[in-house]
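Residue numbers (the numbering used here), protein chains in the order written: chain A, 1 to 243; chain B, 1 to 123. This report refers to the structure that appears directly beneath it.
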Amino acid sequence: MIDEQRLYIIWIYLQAEPLFWLTLTIGSYLIADFIYRKSNLFPLLNPVAISVLLVSLILIFFNIQYERYFEGSKFIHFLLGPATVALAVPIYKKWDLIVSNSKAIFISLLIGSVFAILVTYLLSLYFELPKELILSLLPRSVTAPIAMGISEIIGGIPSLTAIITLITGVIGASLGIFVFDLMKLKNMDARGFSLGLASHGIGTARAMSKNKNAGVFAAVGMGLSGLITSMLVPLFLKIISIL
Amino acid sequence: MLKSVFVILFYQLIGEFTQKFFEFSIPGPVIGLLLLLFTLLLLKKVEFKVNILTKDLFNSAETLLDYLPLLFIPVGVGVVMHLSFLEDNLVSVLLVIILGTLLTLGITGFIMEKILTKIKSND
Chain A
1 MIDEQRLYII WIYLQAEPLF WLTLTIGSYL IADFIYRKSN LFPLLNPVAI SVLLVSLILI
61 FFNIQYERYF EGSKFIHFLL GPATVALAVP IYKKWDLIVS NSKAIFISLL IGSVFAILVT
121 YLLSLYFELP KELILSLLPR SVTAPIAMGI SEIIGGIPSL TAIITLITGV IGASLGIFVF
181 DLMKLKNMDA RGFSLGLASH GIGTARAMSK NKNAGVFAAV GMGLSGLITS MLVPLFLKII
241 SIL
Chain B
1 MLKSVFVILF YQLIGEFTQK FFEFSIPGPV IGLLLLLFTL LLLKKVEFKV NILTKDLFNS
61 AETLLDYLPL LFIPVGVGVV MHLSFLEDNL VSVLLVIILG TLLTLGITGF IMEKILTKIK
121 SND
């Protein structure tokens, strides 16, 4: 015979501590990652999307406030900052490649990053989106920890930016190949770089799984666009506020 | 391990301090990233024997980045729980993302390929 009263008291105790929420978050991620690998890295089964869905379903099912969950899982959230700093290492390791292709990389980087911001802004205006939403959309093509940092500084909603960034990555990784084929782009380095620049880590993982060189260029594109976009977005906002 | 954890946190701390102090519009962790990158390049330039020191740092950094997707779950759940915020804008937002991403991919790939083939034909 299970004593429900006792179980309830234990639950009240556990849900107030991070232990349960950390275990739930990591467990969901492991399940999602397993599914993703089994599917041969199918982009629409992105592990973040699946694990976010899993955790959300559990919270909704047990009627738990998001704030309670976030309070418990914030140790994981905290690591986003250190992870951004850690991005210095892969960029450092690819430094020779960046230097030897500097002309092609920097011109494409500048045009691509400016274009990503501009097209997002113009489309948002076209759809008459509210300002807070536009600000959350602007940094969407760069890696999520950087995008969230930009969003926070310019007055967007960082958590919304995180999801927008995730969708951007999934779209780029799954549909990028059709764009390249349509435009008859054959150069693997160019394809990879473009994927990294426009759809960050998820695009990079996709490029890596298709072609080693493309993957390396994607990593370079992702790292550099993250850096330059964090300077370009605030600059862009200054310019349009003057105009 | 502990030393490299310290190094990463220390650079982030300097980054956050710099951002607040000078009121930069670049996120603190990105400033930390830049400072760490400059430090590594500088150490390489002066041919400092960095192997023992940096091997540990590289391992920790790469391990952390391997788990990058995990780190988005807490905020990601927040958006699902607060989806009502998007309300009537959901379709527009999706269209902005899809069109914006595909156009950016096309333009960037096109320019890079043009420059790379031009450089190759000049050689």
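For glycine and all other residues, C-beta sits at the position ideal for the given N, C-alpha and C. The structure presented is a predicted model; accordingly, all values stated were derived computationally and were not measured.
*For chain B, find out if any of its Cβ atoms is closer than 8 Å to the Cβ of residue 131 of chain A; answer yes or no.*
Answer no: the Cβ-Cβ gap between residue 131 of chain A and chain B never drops below 8 Å.
_Quick check on residue 39 of chain B: does DSSP put it in helix, strand or coil?_
In the structure shown, residue 39 of chain B sits in a helix (DSSP, three-state: H, G or I).
*Unbroken alpha helix (DSSP H) runs of length 4 or more, entirely within the segment 46-81 of chain A: which are they?*
Here the runs fully enclosed are 47-61, 66-78.
_Can you find the residues in the same chain that come closer than 7 Å, C-beta to C-beta, to residue 45 of chain A, ignoring five residues on each side of it along the sequence?_
Cβ neighbours of residue 45 of chain A beyond the five flanking positions: 35, 36, 39.
*Top-ranked residue by Cα proximity to residue 163 of chain A, from B:111, B:75, B:84*: Cα-wise, what sits closest to residue 163 of chain A is B:75.
*Within 10 angstroms of the Cβ of residue 36 of chain B, are there 16 or more other Cβ atoms? Answer buried if so, exposed if not.*
Per the 10 Å Cβ criterion, buried.
*From residue 132 of chain A to residue 46 of chain B, what distance separates their C-alpha atoms?*
Approximately 47 Å, taken between the alpha carbons.
*Assuming residue 80 of chain A and residue 145 of chain A make a contact with CB atoms under 8 Å, what is their CB distance in whole Å?*
A Cβ-Cβ distance of about 4 Å is found for the pair residue 80 of chain A and residue 145 of chain A, placing them in contact under the 8 Å criterion.
*Within 8 Å (strictly less), CB to CB, does residue 87 of chain B reach chain A?*
Not one beta carbon of chain A lies nearer than 8 Å to the beta carbon of residue 87 of chain B.
*Closest Cβ-Cβ distance between residue 47 of chain B and chain A: below 8 Å?*
No Cβ of chain A is located within less than 8 Å of the beta carbon of residue 47 of chain B.
_Where residue 117 of chain B falls: helix, strand or coil (DSSP)_ = In this structure, residue 117 of chain B counts as helix in the three-state DSSP scheme.
*Between residue 241 of chain A and residue 147 of chain A, what straight-line distance do the alpha-carbon atoms span, to the nearest angstrom?*
Rounded to the nearest angstrom, the gap between the Cα atoms of residue 241 of chain A and residue 147 of chain A is 21 Å.
*Can a CB atom of chain A be found closer than 8 Å to the CB of residue 121 of chain B?*
No - not a single Cβ of chain A is within 8 Å of the one on residue 121 of chain B.
_Under the three-state DSSP convention, the category residue 140 of chain A falls into_ = Of the three classes helix, strand and coil, the one that applies to residue 140 of chain A here is coil, per DSSP.
*Can you grab the Cα-Cα spacing for the pair residue 112 of chain A / residue 95 of chain A, in whole Å?*
In a straight line, the C-alpha of residue 112 of chain A is about 20 Å away from that of residue 95 of chain A.
_Chain-ordered residues of the segment 75-87 of chain A with a beta carbon less than 7 Å from chain B_ = From the segment 75-87 of chain A, only 76, 77, 79, 80, 81, 82, 83, 84, 85, 86, 87 have a Cβ closer than 7 Å to chain B.
*Residues in its own chain within less than 8 Å of residue 41 of chain A by CB, not counting five upstream and five downstream?*
Answer for residue 41 of chain A: 205, 206, 209, listed in chain order.
*Taking residue 32 of chain A as the reference, give the member of B:69, B:34, B:64 with the closest Cα.*
Check the Cα spacing between residue 32 of chain A and each of B:69, B:34, B:64: the tightest is with B:69.
_Residues that residue 204 of chain A contacts on chain B, provided the C-beta gap is smaller than 9 Å_ = Result: empty, since nearest Cβ-Cβ is about 11 Å, beyond 9 Å.
*Could you give the residue range of the alpha helix (DSSP H) that holds residue 172 of chain A?*
Counting along the chain, residue 172 of chain A sits inside the alpha helix (DSSP H) bounded by residues 158-182.
*How big is the Cα-Cα spacing for residue 71 of chain B and residue 112 of chain B?*
Answer to the nearest angstrom: the Cα atoms are 32 Å apart.
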